[in-house]
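Colleague: Next up is a structure, given as structure tokens.
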Amino acid sequence: MRPSARATAEVMAQVLRTTASLAFTDGLNPAQWAALRYFAQANASARNVVAFARHHGTTKGTASQTIAALLKKDLLERHPSETDRRSIRLTLTTRGRTTLANDPLNELVAAIDGLAPAQHGALASGLDELLRTLLSRRTESGGRDSGALDASGHTDRNGAAAD
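Our numbering puts the first residue of the sequence shown at 86, with every later residue one more than the last.
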């Protein structure tokens, strides 16, 4: 018997809440963890505030505040661009890489890794389709709210990310 869409959505919401609660660790919040992951994986030309903001669907101001907190915590460092001295490239520090090794997202990774291959494939495929549908609906409706999304996917109504 197929579960109801409502029951599935409620379980998904609980998984998301549980995962998000894990991300308040090591003195970081979910947006800061997302930024560390981004800068660890982004190519050199995308390691800047604007690319990070665009990738996470947030404002430049919110992205700047998240990055400022990571710079203050010595998890990121600034490097002037070799081609444009006005541009700054951001990279993880040694401390940032060490911190990222303890990424709370690893808990979710381990849980997914424990699924049977068919379950994992179905989950990945289903989540990809869900995301496409949600993004498409958001685009078609022009977005239901006027706030941008912060790096953790939450509506940012005041333009600031928490430290």
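Even for Gly, the Cβ is constructed at its ideal location relative to N, Cα and C.
(1) Please classify asparagine 133: is it buried, with 16 or more other beta-carbons within 10 angstroms of its beta-carbon, or exposed?
(2) Quick one: what does DSSP say proline 88 is sitting in, helix, strand or coil?
(3) Measuring straight from C-alpha to C-alpha, what distance separates phenylalanine 124 and arginine 87?
(4) Report buried or exposed for histidine 205, applying the criterion of at least 16 other Cβ atoms within 10 angstroms of its Cβ.
(5) For isoleucine 197, is the classification buried or exposed, using 16 other Cβ atoms within 10 angstroms of its Cβ as the cut-off for buried?
(6) Between which two residues does the beta strand (DSSP E) holding proline 165 run?
(7) Leaving aside the five residues before and after serine 149 along the sequence, list all residues of the same chain whose C-beta is less than 7 Å from its C-beta, in chain order.
(8) Across which residues does DSSP place leucine 219 in a beta bridge pair?
(9) Look at the alpha carbon of leucine 175 and the alpha carbon of threonine 93, and state the distance between them as a whole number of angstroms.
(10) Cβ atoms of leucine 160 and threonine 178: under 7 Å apart, would you say?
Modeller: Looking at the atomic coordinates:
(1) Label assigned to asparagine 133: buried.
(2) Residue state, collapsed to three classes: coil.
(3) Computed Cα separation, rounded: 40 Å.
(4) The residue in question, histidine 205, is exposed, as its Cβ has fewer than 16 Cβ neighbours within 10 Å.
(5) In the assembly as shown, isoleucine 197 is an exposed residue. Its beta-carbon has fewer than 16 other beta-carbons within 10 Å.
(6) Membership of proline 165 in the beta strand (DSSP E) is indicated by the continuous run 161 to 165.
(7) Contacts found: Val134.
(8) Leucine 219 pairs with nothing; no bridge assigned.
(9) In this structure, the alpha-carbon of leucine 175 lies about 39 Å from that of threonine 93.
(10) Cβ distance < 7 Å, so threonine 178 and leucine 160 count as in contact.
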